[in-house]
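Okay, structure first, notes after.
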Amino acid sequence: MNIMAQYGADERLLSLSLSYPALTLSRVTAQHRNQYTIITELGDAPAEVSGKLRHEALSTEDYPAVGDFVLARLPDTDGGIGFAILQQVMPRKSAFIRKAAGSTHDTQVVAANIDIAFLCMSLNENYNIRRLERYLAVAWESGATPVVLLTKADLCERPAEQLAQVRALAAGADVLTTSILDPAARQTILSLVPSGVTAAFLGSSGVGKSSIINLLTEDVAMATAEISRVGKGRHTTTHRQLLPVVGGGVVIDTPGMRELGVDTIDLRAAFADIDALAAMCRFSDCRHGNEPGCVVRAALENGTLDKRRLENYHKLQREARYDGLACRQRETRKREILFGAKKSANKAGRPEPQERS
Numbered sequence: 001m002n003i004m005a006q007y008g009a010d011e012r013l014l015s016l017s018l019s020y021p022a023l024t025l026s027r028v029t030a031q032h033r034n035q036y037t038i039i040t041e042l043g044d045a046p047a048e049v050s051g052k053l054r055h056e057a058l059s060t061e062d063y064p065a066v067g068d069f070v071l072a073r074l075p076d077t078d079g080g081i082g083f084a085i086l087q088q089v090m091p092r093k094s095a096f097i098r099k100a101a102g103s104t105h106d107t108q109v110v111a112a113n114i115d116i117a118f119l120c121m122s123l124n125e126n127y128n129i130r131r132l133e134r135y136l137a138v139a140w141e142s143g144a145t146p147v148v149l150l151t152k153a154d155l156c157e158r159p160a161e162q163l164a165q166v167r168a169l170a171a172g173a174d175v176l177t178t179s180i181l182d183p184a185a186r187q188t189i190l191s192l193v194p195s196g197v198t199a200a201f202l203g204s205s206g207v208g209k210s211s212i213i214n215l216l217t218e219d220v221a222m223a224t225a226e227i228s229r230v231g232k233g234r235h236t237t238t239h240r241q242l243l244p245v246v247g248g249g250v251v252i253d254t255p256g257m258r259e260l261g262v263d264t265i266d267l268r269a270a271f272a273d274i275d276a277l278a279a280m281c282r283f284s285d286c287r288h289g290n291e292p293g294c295v296v297r298a299a300l301e302n303g304t305l306d307k308r309r310l311e312n313y314h315k316l317q318r319e320a321r322y323d324g325l326a327c328r329q330r331e332t333r334k335r336e337i338l339f340g341a342k343k344s345a346n347k348a349g350r351p352e353p354q355e356r357s
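Number 82 in the working numbering belongs to position 82 of the sequence shown; there are no gaps in the numbering.
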């Protein structure tokens, strides 16, 4: 198997890249601010985006991210690949997006082209059901298949109770419990990441993502650090990086994320129980307040629906509407810029009117 196929390039990408004989199909494996590392059939190479790509980018989402397949121009050098120029980002089949730093509504692609998303949450002080609900909503919408990974089971006093709680809300997703001390955990996770599959490890700092990746890659490339006494993790991963696993595909480690956007997300997959109840309400536009015949409110009253889960559902709905508005505003601005550029180009290409004699 060639390297690009091992790293997840399917027949569609390999075939499409043949249309660009002067460029090389590559995949972004690391990002450090404006600098990148890519993998090609010839090996690794440092890279940066071309001036044309930079000029045409209308938002941070248009720039390459870790996991992106890109077309790169490789210099003709002796003794190595040399410095590559990224000319084009190939279409993404999935993407994890969060709000960019600052007060703007711009967004940032955290990782792209993910097949499996391991949503990591430790069973000690980091345990937070509401955060996991958010992660599940984002994972389902991204196009990746979520797998909940409950880490540090050896530090939990009631793992069975918490496992049952997570399985109840993560319907449709596999749920695994792991411990760095359990030798079988490594093989279980490896079986889910065969050659050609890309997995991402997402979760707050300190949940053990880097330690698990160290086991999968038989390497210590990802730095780890001791957890503080209150259970809050230190930011040991400071950049996103794609790594090959033993005998299989590749994994992406990401910095601990404080905020995952829910821009235009359909919450029905992550909150299927609430959606099913809402479908039985008397009114199709029921807001689950004081309306008669509200099945959701009845479920709250008889205890079959957790009040905090419903509150989180409404919170994410409000956030999705707000982020969706910001997204539409960005798209409108993009169209204005593109239309203005085309209008200017057309105007510049017109011949000057001739004076009448």
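Cβ coordinates follow ideal geometry from the N, Cα and C atoms, glycine included. Keep in mind it's a predicted model, so treat the numbers as computed, not measured.
Under three-state DSSP, which class holds residue i?
i	result
PRO122	Per the sequence presented here, residue 122 reads as Ser, with Pro not at that position. Residue state, collapsed to three classes: strand.
ASP273	helix
LEU74	coil
SER210	helix
THR224	With a pLDDT of 44 at THR224, under the threshold of 50, the modelled position of this residue cannot be trusted; read the value that follows with caution. Reduced to three states, the DSSP call for THR224 is coil.
VAL28	strand
VAL295	helix
ALA5	helix
SER357	Low confidence applies here, because SER357 scores a pLDDT of 42, under 50, leaving its location unreliable and the question unanswered by this model.
THR304	coil
ARG98	strand
ALA84	strand
LEU18	coil
LEU202	strand
LEU13	helix
LEU310	helix
LEU23	coil
Report all residues from its chain with a CB closer than 6 Å to the CB of residue i; omit the five preceding and five following residues, and keep chain order.
i	result
PHE96	VAL110, ALA111, SER142
ALA22	none
VAL246	GLU218
ASN290	none
ILE3	GLU41
SER15	none
VAL381	Because residue 381 is not part of the residues shown, which for the chain are 1 to 357, the question remains open.
Do we get a CB-CB distance below 8 Å when we pair residue i with the residues of chain C?
i	result
LEU53	The structure shown has no chain C; it contains just one protein chain.
Let me make sure I understand the geometry here. Which of the options has the alpha-carbon closest to that of residue i?
i	options	result
PRO292	LEU300, ARG282, PHE83	ARG282
ARG287	GLN317, GLU301, TYR135, ASN302	GLN317
GLU48	PRO244, TYR36, VAL175, LEU14	TYR36
TYR20	MET90, GLY67, THR29, LEU300	MET90
VAL66	ASP10, ARG134, GLN108, ALA171	GLN108
THR217	GLY208, LEU190, LEU202	LEU190
ARG92	LEU86, ILE114, ARG98	ILE114
VAL207	VAL246, LEU150, GLU157	LEU150
GLU157	ASP182, ALA139, TYR127	TYR127
SER17	ASP76, GLN87, PRO64	GLN87
ALA173	ILE213, VAL147, VAL138	VAL147
LEU215	SER179, TRP140, ALA171	SER179
LEU13	LEU181, ALA299, VAL70	VAL70
SER205	GLN162, ASP273, MET121	MET121
ILE252	GLU161, ALA171, THR29, LEU163	THR29
ASP306	ARG27, THR188, GLN165	GLN165
LEU169	ASN34, GLY51, ILE274, ASP68	ILE274
PHE201	LEU243, GLU61, ALA72	LEU243
ALA171	ARG186, GLN187, TRP140	TRP140
ALA298	SER284, HIS314, MET280	MET280
VAL193	ILE213, LEU181, ASP182, GLY203	ILE213
GLN241	SER284, SER59, ARG186, ASP68	ASP68
ARG98	GLY203, ARG186, VAL175	GLY203
If I measure Cβ to Cβ from residue i and keep anything under 7 Å in the same chain, skipping five residues before and after, which residues do I get?
i	result
PRO159	LEU123, ALA153, THR177
GLY196	ALA5, GLN6, GLY8, GLY249
GLU11	none
SER50	ILE85, LEU86, GLN87
ALA57	TYR63
LEU300	LYS307, LEU310
On the premise that residue j lies in contact with residue i, defined as a C-beta separation below 8 Å, what is that separation, rounded to the nearest angstrom?
i	j	result
ARG308	ARG167	That belief does not hold up - the Cβ atoms of ARG308 and ARG167 are roughly 17 Å apart, past 8 Å.
ALA199	ILE116	4 Å
TYR135	LEU119	4 Å
ALA144	SER94	5 Å
ASN312	GLU133	6 Å
ILE38	ARG27	6 Å
Short of 8 Å in beta carbon distance, which residues of its chain neighbour residue i, apart from the five on each side in sequence? Order them along the chain.
i	result
ALA278	CYS286, HIS288, VAL295, VAL296
ARG33	none
THR224	Since pLDDT at THR224 reaches only 44, below the 50 mark, its modelled position is unreliable, and the value read off the structure follows with that caveat. Cβ within range, chain order: SER210, SER211, ASN214, THR236.
Relative to the ligand MG, is the shortest distance from any of its heavy atoms to the C-beta of residue i smaller than 7 Å?
i	result
GLN187	Absence of the ligand MG is noted for the structure shown, with no ligands found whatsoever.
Any chance you could list the beta strand (DSSP E) runs of at least 3 consecutive residues sitting entirely within the segment 112-200, in chain order? 116-122, 145-151, 174-177
Runs of 3 residues minimum, wholly inside the segment 35-71: which ones carry the beta strand (DSSP E) assignment? 35-40, 43-49
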